[in-house]
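Residue numbers (my numbering): 958 to 1233. Virtual Cβ for every residue (Gly too), placed ideally from N, Cα, C. What you are looking at is a predicted structure, and each value in this text was computed from that prediction instead of being measured. Notes for the one structure printed next.
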């Protein structure tokens, strides 16, 4: 009898440990209601529209009215570098991959330049246009491709999409994926939130540790997380008081998350959330 009870107790501990570990994996790694740091940007960056990790202690960003990259130092809390790579335009996404900066306009025009070589800018043709309203640019290191999030129509030539789409651009082959990597359907999200809901992506980034894909949306004030198989895993509503207009998202290599917000009439702000 004692042996039976002991065996049952051990089995209970094993099962309980599996349940606990499963719960831990499903927990959000950030407290979205309590940013660990808030950075206020200069007034000329009130429309900060894209964000990327630049190098240790620094982030790079765009003002969506000009083709200029601004590098922000987190410890000095100021802009330490500016690079003009194009004239005026609605720039919405920026991403650093190795020594290259990629920047994209809402009309789908993609630009690339080397951070070590000024004055040389390459324009890359894409299958997107103003009807797609490109809003986010990210990078998946495992597949070595850029992630391009569309705020409006997900359709491109020869492809019809029912929902919002995120396409890929393979850096090695320099080819765009023929179909979306991710599709966001409002009706699917409505089943989760239990009411009418609209989500239009404004930023996208891949978590450096979990490899999950994070999509932030100013329209809908939400954060959507896809698992590594491309399935929606988490959907979080963001408080407007903290996230007035979330436009960009980026991660440091240690998993710390940064979300940029546009601010009418004043400098934009960046919220930092430490990875736990």
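Which residues share a DSSP beta bridge with residue i?
{"i": "residue 1170", "result": "1163, 1183"}
{"i": "residue 1157", "result": "1176"}
{"i": "residue 1217", "result": "1205, 1227"}
{"i": "residue 1132", "result": "1127"}
{"i": "residue 1189", "result": "1183"}
{"i": "residue 1116", "result": "1113"}
{"i": "residue 1062", "result": "1048"}
Among the options, whose alpha-carbon lies nearest the alpha-carbon of residue i?
{"i": "residue 1186", "options": "1163, 1038, 1180", "result": "1163"}
{"i": "residue 1094", "options": "1081, 1127, 1051, 1118", "result": "1051"}
{"i": "residue 1116", "options": "1084, 1030, 1147", "result": "1084"}
{"i": "residue 1133", "options": "1142, 1106, 1146", "result": "1106"}
{"i": "residue 913", "options": "1112, 1142, 993, 1230", "result": "Outside the modelled stretch of the chain, which goes from 958 to 1233, sits residue 913, for which no answer is possible."}
{"i": "residue 1220", "options": "1214, 1213, 1228", "result": "1228"}
{"i": "residue 1158", "options": "1152, 1131, 1202, 1169", "result": "1202"}
{"i": "residue 1075", "options": "1056, 993, 1128", "result": "1056"}
{"i": "residue 1005", "options": "1029, 992, 1077, 993", "result": "1029"}
{"i": "residue 1086", "options": "1103, 1077, 1104, 1063", "result": "1063"}
From which residue to which residue does the beta strand (DSSP E) around residue i run?
{"i": "residue 1198", "result": "Element bounds for residue 1198: n/a, residue is neither H nor E."}
{"i": "residue 1233", "result": "That residue, residue 1233, is in no beta strand (DSSP E); it is neither H nor E in DSSP."}
{"i": "residue 1097", "result": "1091-1097"}
{"i": "residue 1070", "result": "1067-1071"}
{"i": "residue 1103", "result": "1102-1107"}
{"i": "residue 1075", "result": "Taken as a continuous stretch (DSSP letters only), residue 1075 belongs to no beta strand (DSSP E), as it is neither H nor E."}
{"i": "residue 1125", "result": "1121-1127"}
{"i": "residue 1140", "result": "1139-1141"}
Review point. Is the segment 1108-1126 touching the segment 1070-1080 in the sense that three or more CB pairs, one from each, lie closer than 8 Å?
Key: no
**Asked** If you scan the segment 984-1059 from start to end, which runs of the beta strand (DSSP E) of 3 or more residues do you find wholly inside it?
**Response** 994-997, 1005-1012, 1015-1020, 1023-1030, 1035-1045, 1048-1054
For this session: For the segment 1192-1210 and the segment 1172-1181, state whether three or more C-beta atom pairs, one from each stretch, are separated by less than 8 Å.
Result: yes
Exercise. Is there contact here, the segment 1033-1051 with the segment 1011-1021, by at least three beta-carbon pairs under 8 Å?
Worked result: yes
query = Do the segment 1164-1173 and the segment 1205-1217 touch if we need at least three Cβ pairs shorter than 8 Å?
reply = yes
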